[in-house]
Amino acid sequence: MDLIDEPESAGNTPEFTVSDLTGAVKRAIEGEFGHVRVKAEVGRVVRARSGHLYFDLKDDRNVLACTTWKGQVSSLSVIPEEGMEVVVQGRMTTFGSQSKYQLNATEVAVAGVGALMAMLDKRKKTLEAEGLFDSARKQELPFLPDVIGVVTSPTGAVIRDILHRLRDRFPRKVLVWPVAVQGKDCAPQVARAIEGFNAMTPGGAMPRPDLIIVARGGGSIEDLWGFNEEIVARATAASNIPLISAVGHETDTTLIDFVSDRRAPTPTAAAEMAVPVRLELLAGVDQMGARASRAASDGIARRKQRVADLWRVLPKKEQLTDDAKQRYDYWAEKLDVALISRVRDGKLRLGEASGLLRPSVLGNRIGQGRDRLTGLQSRLAPALGRTTAQARRDLNRHLLRPDVVRAVQSRAAKDLGATLRRMSTAALTQVERQRNRLGALDRMRETLGYRETLKRGYAVVRGDGEVVTTAKAAKSAATLEIEFADGKMAPAGKPAKAKTKTPPPDQGSLF
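Per full-length UniProt numbering: the sequence shown ends with 511, consecutive numbering throughout.
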């Protein structure tokens with residue numbers, strides 16, 4: 001050490017500058033301790049913006065400051081967390097600007113299995129509180145993936161077991177992403193592999209996997225610790241591709257098992273979960289095909305039997321038409337009788353109507369109508385006179401003015417004249433209507449008379465002046481006369497009587 005000369009009055013006590021003293025302390029500490037290993041509990045942990053890591057090691061009485069520079073952080077196998085019991089290796093040094101000594105930590109390891117389990121439990125509770133273990137967010141595995149991505153070591157027995165099992169069950173395309181499965185590089189490489197598979201484009205030059213298997217063989221908790229890292233758990237939870245974790249043996253449990261969509265006890269079991277057995281599928285397809293054929297055959301047979309049963313119970317076509325034929329014959333027989341009866345009834349109604357159309361009857365009805373009209377006319381004049389006299393008396397009784405009386409009389413006279421004209425017109429119209437109706441009935445009588453019938457080829461036979469309707473009456477008659485439409489004649493041997501001016505009796509209707 002370089003000492004500063006001091007005056008004789010200062011005695012023998014040496015005098016240092018601050019830098020000299022700080023340098024002497026630094027050399028003393030670094031020379032005395034050099035490289036050390038410290039076992040303690042992690043206290044405060046700070047990750048500076050510059051990338052340096054600062055944390056404290058403490059026991060029940062003292063605290064030791066530790067520093068890991070930015071370039072040294074990536075080489076740490078374990079990132080210290082508050083409350084973790086660790087063994088830290090490094091070199092003792094000082095920080096003169098703050099008059100403190102510190103440990104430059106170059107390696108951090110968890111102190112024992114108990115500390116690892118405590119840290120694992122704490123990390124597990126944190127991730128579970130965030131919902132990364134919820135079954136609702138887990139995806140269903142594809143039934144038969146086309147491409148399977150495997151994240152594992154390319155040189156271990158795990159990849160050979162997976163490929164062998166896939167080849168035995170159902171050969172599929174396999175993409176292997178090589179990673180370190182233990183040590184400080186394990187966690188970041190596994191996380192990057194999962195993210196890399198998810199970043200692939202579906203249908204691209206390198207096909208994107210439909211399923212991911214993260215696999216590793218068995219080992220100690222320290223060997224499997226990379227799969228307990230938070231970075232791996234979060235990458236697994238963020239995967240859009242269904243993921244099977246197959247880390248360790250059946251008794252080994254890591255954080256990735258809780259976050260993955262399905263956990264397999266072994267890598268071989270993961271391959272069995274990934275694909276079904278091809279031969280079993282073929283056998284199942286054959287079995288379902290046979291069942292479908294049997295079902296179709298049975299269905300056709302049942303329908304044939306049903307058709308045969310229905311055919312036996314259906315009536316014959318002759319039975320379906322027998323009733324209709326019988327009804328047709330029945331109504332055909334009744335039709336002739338009904339037509340004859342209808343014609344006979346029509347003849348009777350026609351005879352009755354023609355009897356009512358005789359001139360004498362029509363003349364009587366017209367005379368009766370004329371008498372009623374004359375009676376009404378004879379009654380109308382006295383009634384109007386009485387009405388006029390009553391109106392005159394009413395006017396006189398109420399002492400109306402002469403001009404008003406004259407106006408009323410004039411209006412009454414006009415109303416009376418209009419009424420008489422309307423009644424006369426109505427009477428004439430009624431008489432004309434009755435005359436037209438009588439003419440129509442007379443024309444109908446002429447049309448229905450026997451003379452019109454004679455024009456259609458009929459004749460009237462008279463014996464002794466009477467109409468003969470039977471052969472017996474014709475034989476017994478002294479004289480016969482046959483009347484045709486154009487005249488009368490007497491048959492040979494039966495001289496006709498001399499014509500008389502007496503008109504023949506009314507024959508009525510032939511119908």
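We put the CB at the ideal spot given by N, CA and C, even for glycine.
Opposing strand residues paired with residue i [DSSP bridges]
i: Ser-97; result: BP columns for Ser-97 are empty, so no partner.
i: Phe-484; result: Gly-487
i: Asn-104; result: Thr-67, Arg-91
i: Val-38; result: Val-88
i: Thr-152; result: Pro-178
i: Asp-442; result: For Asp-442, which the question treats as bridged, DSSP gives no partner whatsoever.
i: Leu-53; result: Arg-47, Thr-68
i: Lys-58; result: Glu-41, Val-63
i: Ala-136; result: Ala-136 is not bridged to any residue.
i: Ile-213; result: Val-150, Ile-244
i: Gly-218; result: Bridge partners of Gly-218: none, in fact.
i: Arg-462; result: Val-467, Glu-481
i: residue 518; result: Residue 518 lies beyond the residue range present for the chain, which begins at 1 and ends at 511; the question has no answer from this structure.
i: Lys-455; result: In DSSP, Lys-455 forms no bridge with anything.
CB-CB length for residue i against residue j, believed under 8 Å
i: Arg-169; j: Val-88; result: With a Cβ gap of about 48 Å, Arg-169 and Val-88 do not count as contacting.
i: Ala-270; j: Ile-213; result: 5 Å
i: Asp-146; j: Lys-173; result: 6 Å
i: Ile-241; j: Phe-197; result: 6 Å
i: Lys-138; j: Asp-309; result: Going by Cβ atoms, the distance from Lys-138 to Asp-309 rounds to 56 Å, so no, they are not a contact pair.
i: Gln-189; j: Val-176; result: Not confirmed; about 13 Å, so no contact.
i: Thr-68; j: Ala-109; result: Thr-68 to Ala-109, Cβ: 13 Å. No contact.
i: Ala-283; j: Ala-264; result: Not really, about 25 Å apart at Cβ, beyond 8 Å.
Alpha-carbon to alpha-carbon, residue j and residue i
i: Asp-134; j: Glu-195; result: 21 Å
i: Phe-16; j: Ser-77; result: 42 Å
i: Ala-193; j: Ala-301; result: 60 Å
i: Arg-433; j: Arg-372; result: 16 Å
i: residue 516; j: Lys-347; result: Nothing can be reported for residue 516: it is not among the residues displayed for the chain, which extend from 1 to 511.
i: Ser-509; j: Leu-448; result: In this prediction, Ser-509 scores a pLDDT of 49, lower than 50, which makes its location untrustworthy; the coordinate-derived value is nonetheless stated afterwards. Spanning the two alpha carbons is a distance of roughly 7 Å.
i: Ser-424; j: Ala-381; result: 13 Å
i: Asn-364; j: Thr-429; result: 19 Å
i: Val-45; j: His-52; result: 11 Å
i: Met-1; j: Glu-85; result: For Met-1, the pLDDT reaches just 43, beneath the cut-off of 50, and the residue's location in the model is therefore unreliable, although a value from the coordinates is still provided. Approximately 40 Å between the Cα atoms of the pair.
i: Asp-403; j: Gln-377; result: 31 Å
i: Ile-244; j: Asp-223; result: 20 Å
i: Leu-21; j: Leu-103; result: 20 Å
i: Thr-126; j: Thr-236; result: 16 Å
i: Leu-57; j: Asp-210; result: 46 Å
i: Leu-144; j: Val-275; result: 6 Å
i: Glu-81; j: Val-285; result: 56 Å
i: Met-117; j: Gly-289; result: 55 Å
i: Gly-219; j: Ser-293; result: 54 Å
i: Ser-385; j: Arg-411; result: The amino acid occupying residue 385 in the given sequence is Gly; Ser does not appear at that position. Roughly 15 Å between the two C-alpha positions.
i: Gly-465; j: Arg-344; result: 29 Å
i: Pro-14; j: Leu-120; result: 55 Å
i: Thr-469; j: Leu-420; result: 58 Å
i: Pro-171; j: Arg-165; result: 9 Å
i: Gly-34; j: Arg-47; result: 25 Å
i: Glu-32; j: Ser-99; result: 18 Å
i: Ile-79; j: Ala-191; result: 16 Å
i: Thr-491; j: Leu-480; result: Just to set this straight, residue 491 is Pro in the shown sequence, not Thr. Taking the straight line from one Cα to the other gives about 7 Å.
i: Leu-141; j: Glu-128; result: 22 Å
i: Val-337; j: Arg-349; result: 18 Å
i: Glu-318; j: Ser-297; result: 35 Å
Nearest neighbour of residue i, chosen from the options [CA to CA]
i: Gly-457; options: Gly-463, Glu-483, Gln-434, Thr-479; result: Glu-483
i: Gly-463; options: Thr-453, Lys-455, Leu-454, Lys-475; result: Lys-475
i: Gly-248; options: Arg-386, Val-408, Val-181, Leu-420; result: Val-181
i: Arg-216; options: Thr-155, Lys-472, Phe-95, Asp-286; result: Thr-155
i: Asp-252; options: Ala-413, Thr-266, Leu-438, Lys-317; result: Thr-266
i: Asp-60; options: Gly-43, Ser-74, His-52, Val-73; result: Gly-43
i: Gly-149; options: Val-461, Ala-199, Met-119; result: Ala-199
i: Arg-123; options: Ala-233, Ala-383, Ile-241, Ser-245; result: Ala-233
i: Gly-226; options: Gly-96, Thr-254, Leu-438; result: Thr-254
i: Gly-71; options: Ser-99, Glu-107, Thr-94; result: Glu-107
i: Ala-485; options: Val-461, Ala-477, Gln-409, Ser-74; result: Val-461
i: residue 512; options: Leu-282, Glu-230, Glu-446, Arg-262; result: Coverage of the chain is limited to positions 1 through 511, which leaves residue 512 absent and any answer about it impossible.
i: Met-92; options: His-164, Pro-142, Ile-159, Val-36; result: Val-36
i: Arg-370; options: Ala-426, Ala-391, Thr-268, Arg-451; result: Ala-426
i: Ala-238; options: Leu-132, Ala-477, Tyr-328; result: Leu-132
i: Asn-62; options: Glu-41, Ala-48, Ala-459; result: Glu-41
i: Ile-366; options: Arg-47, Cys-66, Ala-191, Arg-437; result: Arg-437
i: Arg-23; options: Gly-83, Thr-387, Gly-96, Gln-326; result: Correcting the residue identity first, residue 23 is Gly in this sequence and not Arg. Checking every option, the nearest Cα to that of Gly-23 belongs to Gly-96.
i: Lys-488; options: Arg-379, Leu-454, Ala-471, Lys-472; result: Leu-454
i: Val-431; options: Ala-413, Val-110, Gln-368; result: Gln-368
i: Thr-268; options: Asp-329, Arg-49, Asp-161; result: Asp-161
**Message:** If we require 4 or more residues per run, which alpha helix (DSSP H) segments fall completely within the segment 234 to 284?
**Reply:** Counting only runs of 4 or more, we get 255 to 259, 267 to 274.
**Request:** List in chain order: all unbroken alpha helix (DSSP H) runs of 4+ residues lying wholly within the segment 375 to 435.
**Result:** Whole alpha helix (DSSP H) segments, 4+ residues: zero.
**Item:** Complete runs of the alpha helix (DSSP H) confined to the segment 278 to 360 [at least 4 residues]
**Value:** With a minimum length of 4 residues, the continuous alpha helix (DSSP H) runs that stay inside the segment 278 to 360 are 278 to 313, 317 to 356.
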